[in-house]
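> Residue numbering for the sequence shown follows UniProt numbering, starting at 1 and increasing by one per position.
Quick one: structure below, then a few questions.
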Amino acid sequence: MTADQSGMPLKCTIWTKRKRVGPCVPRILVVDDYADTADAISMVLALDGFDAQVAYRGNAAVDAVARWQPQVVLLDICMPDMSGLEVAVRLREIESTSETVLIAHSALATEADLARAKGSGFDAFCAKPTDAMKLGPLLRHFTVLVEP
(Lines of atoms letter the chains of each structure in order from A and count residues from 1; the text may use other names and numbers.)
(Lines give C-alpha, C1' and ligand atoms only; values in the text may rest on other atoms or scores of the structure.)
Protein backbone atom coordinates (compact mmCIF):
# COMPACT_ATOMS: atom_id res chain seq x y z
CA MET A 1 0.00 0.00 0.00
CA THR A 2 1.05 3.55 -0.45
CA ALA A 3 1.88 5.90 2.41
CA ASP A 4 1.17 9.53 3.16
CA GLN A 5 3.83 12.16 3.91
CA SER A 6 4.18 10.98 7.51
CA GLY A 7 4.98 7.46 6.31
CA MET A 8 1.75 6.03 7.70
CA PRO A 9 0.06 3.50 5.40
CA LEU A 10 -2.98 4.82 3.59
CA LYS A 11 -6.09 2.76 4.07
CA CYS A 12 -7.52 3.61 0.65
CA THR A 13 -6.11 3.48 -2.85
CA ILE A 14 -7.88 5.08 -5.82
CA TRP A 15 -7.15 3.93 -9.37
CA THR A 16 -9.76 5.81 -11.38
CA LYS A 17 -10.96 9.27 -12.26
CA ARG A 18 -14.48 7.89 -12.79
CA LYS A 19 -17.29 9.96 -11.26
CA ARG A 20 -21.02 9.27 -11.37
CA VAL A 21 -23.70 11.88 -11.91
CA GLY A 22 -26.75 11.40 -9.76
CA PRO A 23 -29.41 12.95 -7.56
CA CYS A 24 -28.59 15.59 -4.97
CA VAL A 25 -28.45 12.87 -2.29
CA PRO A 26 -25.81 10.31 -3.34
CA ARG A 27 -26.97 6.69 -3.47
CA ILE A 28 -24.52 4.21 -1.95
CA LEU A 29 -24.97 0.45 -1.86
CA VAL A 30 -23.09 -1.23 1.00
CA VAL A 31 -22.43 -4.93 0.41
CA ASP A 32 -21.10 -7.15 3.18
CA ASP A 33 -22.11 -10.66 4.24
CA TYR A 34 -21.59 -9.63 7.86
CA ALA A 35 -24.92 -7.88 8.45
CA ASP A 36 -23.72 -5.87 11.47
CA THR A 37 -20.93 -4.33 9.40
CA ALA A 38 -23.19 -3.51 6.46
CA ASP A 39 -25.90 -2.07 8.70
CA ALA A 40 -23.44 0.02 10.75
CA ILE A 41 -21.79 1.49 7.65
CA SER A 42 -25.20 2.20 6.12
CA MET A 43 -26.31 3.98 9.29
CA VAL A 44 -23.15 6.12 9.41
CA LEU A 45 -23.65 7.04 5.75
CA ALA A 46 -27.31 7.93 6.33
CA LEU A 47 -26.29 10.21 9.21
CA ASP A 48 -23.77 11.80 6.83
CA GLY A 49 -26.46 12.62 4.27
CA PHE A 50 -26.26 9.64 1.91
CA ASP A 51 -29.11 7.49 0.69
CA ALA A 52 -27.67 4.12 1.66
CA GLN A 53 -29.01 0.63 1.12
CA VAL A 54 -27.48 -2.73 2.00
CA ALA A 55 -27.08 -6.12 0.39
CA TYR A 56 -25.73 -9.10 2.31
CA ARG A 57 -24.76 -11.37 -0.58
CA GLY A 58 -23.06 -11.04 -3.95
CA ASN A 59 -26.08 -12.09 -6.01
CA ALA A 60 -28.28 -9.65 -4.08
CA ALA A 61 -25.73 -6.91 -4.81
CA VAL A 62 -25.87 -7.51 -8.58
CA ASP A 63 -29.68 -7.33 -8.45
CA ALA A 64 -29.70 -4.22 -6.23
CA VAL A 65 -27.26 -2.32 -8.47
CA ALA A 66 -29.29 -3.11 -11.59
CA ARG A 67 -32.57 -2.12 -9.89
CA TRP A 68 -31.51 0.87 -7.75
CA GLN A 69 -28.63 2.33 -9.84
CA PRO A 70 -26.44 3.66 -6.99
CA GLN A 71 -23.55 5.93 -7.88
CA VAL A 72 -21.14 3.99 -5.66
CA VAL A 73 -20.98 0.41 -4.39
CA LEU A 74 -18.86 -0.28 -1.31
CA LEU A 75 -18.24 -3.99 -1.76
CA ASP A 76 -16.75 -6.61 0.57
CA ILE A 77 -14.46 -9.11 -1.15
CA CYS A 78 -14.95 -12.29 0.90
CA MET A 79 -18.56 -13.43 0.72
CA PRO A 80 -19.90 -16.98 0.68
CA ASP A 81 -22.14 -17.02 -2.40
CA MET A 82 -20.12 -14.86 -4.78
CA SER A 83 -16.92 -12.97 -4.01
CA GLY A 84 -16.77 -9.22 -4.41
CA LEU A 85 -14.28 -9.82 -7.22
CA GLU A 86 -16.89 -11.87 -9.09
CA VAL A 87 -19.55 -9.24 -8.43
CA ALA A 88 -17.28 -6.54 -9.85
CA VAL A 89 -16.62 -8.53 -13.01
CA ARG A 90 -20.35 -9.15 -13.47
CA LEU A 91 -21.26 -5.49 -12.96
CA ARG A 92 -18.63 -4.39 -15.48
CA GLU A 93 -20.08 -6.83 -18.05
CA ILE A 94 -23.63 -5.42 -17.79
CA GLU A 95 -24.05 -2.26 -19.87
CA SER A 96 -26.37 -0.50 -17.40
CA THR A 97 -23.96 -1.04 -14.48
CA SER A 98 -20.61 -0.91 -16.24
CA GLU A 99 -19.86 2.67 -15.15
CA THR A 100 -20.94 2.32 -11.51
CA VAL A 101 -18.12 3.28 -9.13
CA LEU A 102 -16.94 0.16 -7.31
CA ILE A 103 -14.90 0.36 -4.11
CA ALA A 104 -13.45 -2.84 -2.69
CA HIS A 105 -13.77 -2.95 1.10
CA SER A 106 -11.80 -5.76 2.66
CA ALA A 107 -9.47 -6.83 5.44
CA LEU A 108 -7.43 -8.61 2.75
CA ALA A 109 -5.10 -5.77 1.82
CA THR A 110 -1.82 -7.13 0.50
CA GLU A 111 -0.38 -5.83 -2.77
CA ALA A 112 -1.65 -9.02 -4.43
CA ASP A 113 -5.17 -8.40 -3.05
CA LEU A 114 -5.12 -4.86 -4.43
CA ALA A 115 -3.91 -6.11 -7.81
CA ARG A 116 -6.75 -8.68 -7.94
CA ALA A 117 -9.29 -5.99 -7.05
CA LYS A 118 -7.97 -3.62 -9.70
CA GLY A 119 -7.93 -6.41 -12.27
CA SER A 120 -11.56 -7.25 -11.48
CA GLY A 121 -12.69 -3.73 -12.32
CA PHE A 122 -12.71 -1.94 -8.98
CA ASP A 123 -12.12 1.82 -8.99
CA ALA A 124 -10.63 1.95 -5.49
CA PHE A 125 -9.73 -0.20 -2.50
CA CYS A 126 -10.32 0.56 1.19
CA ALA A 127 -8.85 -1.68 3.85
CA LYS A 128 -11.01 -2.62 6.82
CA PRO A 129 -11.48 -1.27 9.36
CA THR A 130 -12.34 2.03 7.69
CA ASP A 131 -12.42 5.30 9.61
CA ALA A 132 -16.10 6.26 9.52
CA MET A 133 -15.20 9.97 9.51
CA LYS A 134 -13.23 9.55 6.28
CA LEU A 135 -15.73 7.37 4.45
CA GLY A 136 -18.14 10.19 3.55
CA PRO A 137 -15.52 12.42 1.92
CA LEU A 138 -14.13 9.45 0.00
CA LEU A 139 -17.56 8.53 -1.36
CA ARG A 140 -18.34 12.15 -2.24
CA HIS A 141 -15.11 12.20 -4.27
CA PHE A 142 -16.79 9.84 -6.73
CA THR A 143 -20.14 11.64 -7.07
CA VAL A 144 -21.28 14.62 -9.12
CA LEU A 145 -24.65 15.73 -7.84
CA VAL A 146 -27.44 17.41 -9.78
CA GLU A 147 -30.51 19.13 -8.39
CA PRO A 148 -33.83 17.58 -9.43
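Quick reminder that beta carbons are idealized off the backbone N, C-alpha and C, glycines included.
Looking at SER96 and ALA66, is the spacing between their C-beta atoms short of 9 Å?
Contact flag set, yes.
> Please look up how many angstroms separate the CB atoms of THR143 and GLN53, rounded, as I've assumed it's under 8 Å.
That pair is no contact at about 15 Å.
> For ARG27, write down the residues that DSSP places opposite it in a beta bridge.
Per DSSP, ASP51.
> Taking buried to mean at least 16 other C-beta atoms within 10 Å of its own C-beta, is GLY119 buried or exposed?
Label assigned to GLY119: exposed.
> Are the segment 39–47 and the segment 82–97 in contact at 8 Å, needing three or more beta carbon pairs?
No, because fewer than three Cβ pairs between the segment 39–47 and the segment 82–97 fall closer than 8 Å, the two stretches do not touch.
> With DSSP collapsed to three states, give me the class of ARG18.
Three-state result, ARG18: coil.
> For the alpha helix (DSSP H) that contains ASP123, what are its first and last residues?
Where ASP123 is concerned, there is no enclosing alpha helix (DSSP H), given that its DSSP letter is neither H nor E.
> Is it true that the CB of ASP123 sits closer than 9 Å to the CB of ILE103?
Yes, Cβ-Cβ distance for ILE103 and ASP123 is below 9 Å.
> Keeping to the same chain, check which residues put their C-beta closer than 6 Å to that of ARG27; ignore five residues upstream and five downstream.
The residues are ASP51, PRO70, GLN71.
> Please report how far the alpha carbon of residue 179 lies from the alpha carbon of LEU74, in whole angstroms.
The requested residue 179 does not occur in the structure, where the chain is confined to residues 1 to 148.
> Since I believe LYS128 is in contact with ALA107 (beta carbons under 8 Å), could you give me their beta-carbon distance rounded to a whole number of angstroms?
So it is a contact: roughly 4 Å between Cβ atoms.
> Under the assumption that residue 151 contacts ASP33 (Cβ atoms under 8 Å), give the Cβ distance between them as a whole number of angstroms.
Outside the displayed span of the chain (1 to 148) sits residue 151, for which this structure offers no information.
> If you run the structure through DSSP and keep just helix, strand and coil, what is ALA127?
The answer is strand: DSSP assigns ALA127 an E or B state.
> Using the three-state DSSP reduction, which class does LEU135 fall into: helix, strand or coil?
If DSSP states are grouped into helix, strand and coil, LEU135 belongs with the helices.
> Under the three-state reduction of DSSP, which class applies to ILE103: helix, strand or coil?
DSSP places ILE103 in strand when its eight states are reduced to three.
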